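These notes are about the structure you will find just below.
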Amino acid sequence: MKTVCFLPLHAPSWKEMRPLALALGQGGRARPVVLASGGLAPRLLADCQQAGLQAILLPEIDPYGRQGPLTAWLRRAREKAEVTWPLLGGQTAGQARFHRQRLARQHQEIERLWDSLRPAALVTLDGRKYGWQLPALQVCRQRGTRVVLPPVALAARPLELAQRNQGPQYLAGGFPSLLRRHPGQALWDPARQAHIFFFPAPVVAALGAHGMLPPNPWVVGGGWPVTVMVEGQDMWDFHASSGLDPGRMLLTGHAAHDALHQGLARRDDLRQDLGRRYSLDPGAPLALITPLALAEQGVWRADHQRRENEFLCQVMAQELTAAGGQGLVSLHPKADPRDYGFMEERYGLTVVRERIEEVLPAMDVFLASFSSTVPWAALCRVPTLVFAFHGLSYDFFDHLRGVRVLPQREDLAPDLRRLLRDPAYHQETVRALAASARGLSPFDGLCTQRILEAILPDGGA
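Following the numbering used here, the numbering of the sequence shown begins with 179 at its first residue and continues without gaps.
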């Protein structure tokens with residue numbers, strides 16, 4: 179039986195990969211093996227044990243770990259104070275050396291695993307994540323292992339540029355030698371009027387030394403020879419316009435679209451189920467919000483995000499109360515529910531435990547920021563309000579009639595009020611969504627099947 183390795187790097191990616199791994203194993207197509215690493219590992223190992231999936235813990239790699247504690251401490255201290263390396267234009271040589279040694283050890287560990295597992299395919303995401311992924315992709319290229327990237331989340335340059343705000347190591351202008359050597363690793367940011375590296379400068383140098391730099395880190399897949407699965411024709415066009423080679427793409431739909439398709443077919447029953455589970459009135463207007471999660475993505479401070487989410491909840495609760503409606507909350511996979519208890523305690527909203535695709539088809543209104551779930555709502559004909567008053571660009575949704583992108587915070591209350599209280603306008607919006615959502619997905623209940631066939635196009639074993 180063929181082996182398929184899964185390399186999730188964070189909670190959202192495992193959320194999408196888990197049903198694929200289960201389907202491969204339960205259907206007897208292949209032997210799924212999940213590679214766990216970092217902070218996700220404890221949760222991942224426990225989940226795999228419960229689900230009956232084989233998991234392998236990738237070790238923490240510390241290049242100095244084999245030295246005695248005093249020797250290791252002295253070496254780290256020396257490198258923190260070390261003179262700068264001219265190639266990095268101000269970055270210490272010690273940091274770059276640390277990353278080089280770490281990547282080399284990770285590459286060796288992946289080679290050892292591949293010798294043992296001999297996988298037919300690697301399922302991961304994105305294709306441009308520092309850590310275990312880039313060494314794994316290099317081993318796959320060297321050994322001819324198929325690499326597939328299932329749809330996970332939207333990737334947009336404005337958000338990616340905003341995420342790279344953690345210090346001067348991302349400012350390529352401070353590292354002219356490195357920028358000249360690897361010009362494709364930086365992108366011009368009009369907001370900061372500067373070239374921004376995709377990776378911090380010492381990581382760029384280390385990846386370059388090992389031949390692991392993605393040819394184009396600003397597109398999904400990184401420019402590597404991998405198969406990038408896309409949700410629909412709209413996303414195909416979006417990726418192609420961003421520079422992704424159309425020959426690398428495969429239109430499959432998203433695995434979550436099957437749950438949306440099923441939920442939409444039984445919408446009335448789903449509303450009844452939610453009503454019983456959360457003491458809701460299924461006959462009342464139901465609105466769902468996905469709170470801002472930019473702090474979890476490294477863009478905002480937690481206190482700033484809390485203030486913005488307080489504003490959103492206040493407006494939502496106020497308008498729902500006036501319309502006799504009820505509000506639900508679906509948290510980002512990276513979110514800690516304890517940080518969002520105020521939404522229930524102060525505003526009377528209900529945080530749901532289900533995956534968002536299991537509740538979204540039952541909603542009357544959806545509120546979100548820039549998210550892959552906005553097209554999901556359009557597929558379910560749920561009128562959607564998108565928060566665009568936080569400095570990011572949201573032109574990706576402009577073609578979706580029935581999705582209202584709100585550039586000003588003052589727009590939220592009146593737009594939500596109209597959707598909740600004007601039935602004719604609500605129905606007009608639903609019809610507009612039905613007409614404009616055709617390019618989002620095949621939406622036929624067969625997306626997961628197409629993804630599984632793309633992972634092992636020649637079948638299992």
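Note that beta-carbon positions come from the ideal geometry of N, C-alpha and C, so glycine has one too. Being a predicted model, the structure only gives us computed values, none of them experimental.
Check, Outcome
"Can you tell me whether DSSP reads residue 239 as helix, strand or coil?", "coil"
"Assuming residue 329 contacts residue 407 under a Cβ cut-off of 8 angstroms, what Cβ separation, rounded to an integer in Å, is found between them?", "5 angstroms"
"What residue range is occupied by the uninterrupted alpha helix (DSSP H) comprising residue 417?", "411–420"
"Please determine if the stretch 454–472 and the stretch 525–542 are in contact, where contact requires at least 3 C-beta pairs separated by less than 8 angstroms.", "yes"
"In this structure, does DSSP put residue 317 in helix, strand or coil?", "helix"
"Does the Cβ of residue 535 have 16 or more other Cβ atoms within 10 Å, making it buried, or fewer, making it exposed?", "buried"
"Applying the criterion that 16 or more other CB atoms from any shown protein chain within 10 Å of the CB defines a buried residue, is residue 636 buried or exposed?", "exposed"
"In terms of DSSP beta bridges, what is residue 544 paired with?", "466, 562"
"In chain order, which beta strand (DSSP E) runs of at least 3 residues are fully inside the stretch 456–528?", "464–467, 504–507"
"Kindly identify the DSSP beta-bridge partner or partners of residue 427.", "406"
"In chain order, what residues of the same chain lie with their CB nearer than 8 angstroms to the CB of residue 494, ignoring the 5 residues before and after it?", "465, 467, 505, 525, 527, 545, 594"
"In whole angstroms, give me the CA-to-CA distance for residue 358 and residue 180.", "43 angstroms"
"Starting from residue 633, trace the alpha helix (DSSP H) both ways and give me its first and last residue.", "625–633"
"Please classify residue 348 as buried or exposed, where buried requires at least 16 other C-beta atoms within 10 Å of its C-beta.", "buried"
"By alpha-carbon positions, which one of 289, 207, 380, 191 ends up nearest to residue 633?", "207"
"Starting from residue 724, trace the beta strand (DSSP E) both ways and give me its first and last residue.", "The structure shown does not extend to residue 724, since the chain is modelled only from 179 through 639, so no value can be given for it."
"When DSSP labels each residue in this structure, what does residue 213 get in the three-state scheme?", "strand"
"In terms of alpha-carbon separation, which member of 404, 220, 372, 309 lies closest to residue 346?", "372"
"Mind checking residue 470: buried by the 16 CB within 10 Å criterion, or exposed?", "buried"
"In whole angstroms, what is the alpha-carbon distance linking residue 604 and residue 598?", "8 angstroms"
"Within 10 angstroms of the Cβ of residue 355, are there 16 or more other Cβ atoms? Answer buried if so, exposed if not.", "exposed"
"On the three-pair Cβ rule with 8 angstroms, is the stretch 422–434 touching the stretch 604–623?", "yes"
"Once the 5 residues before and after residue 436 are set aside, which same chain residues still bring their CB inside 6 angstroms of it?", "623, 625, 626"
"Which term fits residue 304, buried or exposed, when burial requires 16 or more other beta carbons within 10 angstroms of its beta carbon?", "buried"
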